[in-house]
Amino acid sequence: MSLTNKSARILVVDDNNLNLDLLCKILSKANFRTITAVDGIDAIKITDVELPHLILLDAIMPNLDGFEACKILKKNPKTQDIPIIFMTSVTDTEKKVKAFELGANDYITKPFHKPELLARVKSHLQVFDLSKTLKYRNHVLQNEVEQRYEAEISLLDINERLADVNQSLKAEIENRKLMALRLQAEILERKKAEKEVKKSLKEKNLLLKEIHHRVKNNLFIVSSLLESQGDYIDNPEIIKVLSDSQNRITTMALIHEQLHYSTGLCEIDFQQYLTALIEHITNSYLTQEINFKADIQQAYLNIETAHPCGLIINELISNAVEHAFPEKKQGNIILKFCQDKPGNYNLWFKDDGIGFPDDKDFYHSESLGLELVVTLVEQLEGKIEMNNNNGTEISITFAELDYKSRMNAG
């Protein structure tokens, strides 16, 4: 952008206030912006804050005269290109020469002649402006020359590389023809291998289903044997032990039944499994008037997590039916199962029975069923809490066990 009178800043340096006022008045009338300083030190401080476009500098001043100030300004890269016009008397020839030697651009004599002053100021501002423009254009041109040179070097390099690439491409085309033939042979081999793997997986799936089926059948047979054995025993304690064992075995058998009929062999539809388990347990206690309420959220668990979880639920319900409602009185049992975030589960159990005795430690109970519950929660790496709140309330939180990592760790 070219300088205009309104945009040009002129620093006027003189220790004589009359001269300062006169110069500022002349320059202001010509629409120049003026900055004033009373000595060389003041002038240098001003240039550190705001760069002028031209400096009118008195030669003789206290503290730091114009010559020393000029010397400092011309050594500073920030100010060395600013035009400096010395102000001196008409007889100071030596001072004029000294000023030019120090880098001054021009001089004017005192007393000032207004037309001459303005003409010299405008002339040096134009030269300064043109010099800046020329310097910028030279810089741009130099950059363009360097960029073109680099582009030509790059072009030569690219041409050489293209020649190498052409040779490489010819060799690559030949290699790819051979590779295509090899790849075709590999694809045929891979398809054959995939077919064999699928066949093997199908056979393994059938084998696993058969294993789950046989395990389920054997567990049901053991359960039936225990039930039959109870028919020949009169001791109530032994009958209870056999009944508890029968329920635990049935709990495990139902899991294998679910796996046998499921499409996947690794996960169990836990909602469907719990529904069947609760139905079995309630059928075992038909003599008591107990209302069961279950709220089970859809979830799929692996067998390592489902086994202990199913046994926990069996023990909690069986223990509540046998101990929470003495003298076969009526009661309510509520069971909730949900997933609060992927892989994390909550199991909540509540009965409105007589509650857990205050003088007994739930976590170190002599009851085999409750001891088994605590052990199974530890196996699940979960947490269990018990509260007496109009009955017994138990909350269990756990995450699905990672069977593979546990096996590898073992």
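Numbering follows the UniProt record's numbering, with no gaps: position 140 of the sequence shown is 140.
Beta carbons are placed, not taken as given, at the ideal position from N, Cα and C, and that holds for glycine.
From a predicted model like this one, the values you see are computed outputs, not experimental measurements.
Requested in this report: State the Cα-Cα distance for the pair I108 and Q80, rounded to the nearest angstrom.
Outcome: Q80 has its alpha-carbon roughly 20 Å from the corresponding atom of I108.
**Report entry** Cutoff 7 Å; reference D295; Cβ partners in own chain excluding five residues on either side
**Finding:** Cβ-Cβ distances below 7 Å link D295 to K336 in the same chain, with the five nearest sequence neighbours on each side left out; the list follows chain order.
**Report entry** Buried versus exposed call for K96 [16 or more other C-beta atoms within 10 Å across all chains shown]
**Finding:** Result: buried.
Query raised in the report: If you draw a straight line from the alpha carbon of N387 to that of D402, how long is it in whole angstroms?
Result: Distance between the alpha carbons of N387 and D402: 30 Å.
Query raised in the report: Between I268, I290, M61, Y273, which lies nearest to H323 when the distance is taken from Cα to Cα?
Result: The shortest Cα separation from H323 among I268, I290, M61, Y273 belongs to I290.
Query raised in the report: Which whole-angstrom value describes the C-beta separation of L54 and I82, a residue pair presumed to lie in contact below a C-beta threshold of 8 Å?
Result: 7 Å between Cβ atoms; contact.
**Report entry** Sequence-distant residues of its chain with Cβ nearer than 6 Å to I84 (five each side left out)
**Finding:** Counting only Cβ-Cβ distances below 6 Å, and skipping sequence neighbours, we find I55, L57, C70, A104, N105.
Requested in this report: Just mark Y136 as buried or exposed, buried being the case when its beta carbon has 16 or more other beta carbons within 10 Å.
Outcome: Exposure of Y136 is indicated by the presence of fewer than 16 other C-beta atoms within 10 angstroms of its C-beta.
Report task. Note down the Cα distance separating G369 from F356, rounded to an integer number of angstroms. Result -> Near 14 Å, if we compare the C-alpha coordinates of F356 and G369.
Query raised in the report: Nearest-angstrom Cα distance between S7 and N63?
Result: Approximately 31 Å between the Cα atoms of the pair.
**Report entry** Which of helix, strand or coil DSSP assigns to Y285
**Finding:** Three-state result, Y285: coil.
Requested in this report: Look up F220 in the DSSP assignment and say whether it is helix, strand or coil.
Outcome: Here F220 scores only 48 on pLDDT, less than 50, and its place in the model is too uncertain to base an answer on.
Requested in this report: Specify the secondary structure class of M179 as computed by DSSP and reduced to three states.
Outcome: Helix at M179.
Query raised in the report: Leaving out five residues before and five after D65 in sequence, what residues of the same chain have Cβ atoms less than 7 Å from its Cβ?
Result: Leaving aside the five residues that flank D65 on each side, the residues in its chain whose CB is nearer than 7 Å to its CB run, in chain order, G40, A59.
Requested in this report: Leaving out five residues on either side along the sequence, give the residues of the same chain with a beta carbon under 8 Å from the beta carbon of G343.
Outcome: Around G343: A399, E400.
Requested in this report: Closer than 8 Å by C-beta to S28: which residues in its own chain qualify, once you throw out the five before and the five after it? Chain order, please.
Outcome: Spatial neighbours of S28 in its own chain (CB-CB distance under 8 Å, excluding positions within 5 residues in sequence) are listed in chain order as T34.
Query raised in the report: Does the beta-carbon of L20 have 16 or more other beta-carbons within 10 angstroms, so that it is buried, or is it exposed?
Result: Under a 10 Å Cβ-count criterion, L20 is classified as buried, with 16 or more other Cβ atoms of the shown protein chains found around its own Cβ.
Query raised in the report: Roughly how many whole angstroms lie between the Cα atoms of I44 and N159?
Result: Computed Cα separation, rounded: 56 Å.
Query raised in the report: In the structure shown, what three-state DSSP assignment does K114 receive?
Result: Three-state result, K114: helix.
Requested in this report: With a cut-off of 8 Å on the beta carbons, I'd call K98 and F128 a contact; round off their distance for me.
Outcome: With a beta-carbon spacing of about 22 Å, K98 and F128 fall beyond the 8 Å limit used to define contacts.
**Report entry** Cβ neighbours of S89 in the same chain (closer than 7 Å, five flanking residues each side left out)
**Finding:** If the five residues before and after S89 are omitted, its C-beta is found closer than 7 Å to the C-beta atoms of T109, K110, all from its own chain and listed in chain order.
Query raised in the report: Count the other CB atoms within 10 Å of the CB of L277; is the residue buried (16 or more) or exposed (fewer)?
Result: Looking at its Cβ environment, which holds 16 or more other Cβ atoms inside 10 Å, L277 is buried.
Query - DSSP-derived helix/strand/coil call for N76 - result: It is coil, neither helix nor strand.
Query - Contact set for Q330: own chain, Cβ-Cβ below 6 Å, skip 5 residues either direction - result: By the criterion of a C-beta distance shorter than 6 Å, Q330 is surrounded in its chain by E289, once the five residues flanking it on both sides are discounted.
Query raised in the report: Would you report the Cα separation of S395 and L347, rounded to the nearest angstrom?
Result: Cα-Cα distance, rounded: 6 Å.
Query raised in the report: Candidates N283, Y285, Q271: which alpha carbon is nearest N302's?
Result: Measuring from the Cα of N302, the nearest candidate turns out to be Q271.
Query raised in the report: Under the three-state reduction of DSSP, which class applies to V38: helix, strand or coil?
Result: DSSP places V38 in coil when its eight states are reduced to three.
Query raised in the report: For E279, which option in I317, E385, C309, E304 has the closest C-alpha, if you only look at C-alpha atoms?
Result: Ranking the options by Cα distance to E279, first place goes to I317.
Query raised in the report: Expressed to the nearest angstrom, what Euclidean distance is found between the alpha-carbon atoms of D92 and L18?
Result: One C-alpha to the other measures close to 21 Å.
Query - alpha helix (DSSP H) segment containing A294, residue limits - result: Counting along the chain, no alpha helix (DSSP H) covers A294; the unbroken beta strand (DSSP E) around it starts and ends at 290-296.
Query raised in the report: Taking just the CA atoms, how far does I312 sit from L372?
Result: Those two C-alpha atoms are separated by around 8 Å.
Query raised in the report: Which residues bound the beta strand (DSSP E) around I384?
Result: In the DSSP assignment, I384 falls within the beta strand (DSSP E) that extends over 383-388.
Report task. Taking all protein chains shown into account, decide if E315 is buried (16 or more other Cβ within 10 angstroms of its Cβ) or exposed. Result -> Residue environment for E315: buried (at least 16 other C-beta atoms within 10 angstroms of its C-beta).
Report task. Compare the C-alpha of P115 against each of L183, Q184, A30 and name the closest. Result -> When L183, Q184, A30 are compared, the shortest CA-CA separation from P115 is found for A30.
Query raised in the report: Considering only residues of the same chain and omitting the five flanking positions on each side of P52, which have a CB-CB separation below 7 Å?
Result: So the qualifying residues of the chain are R9, I10, L11, I35, I82.
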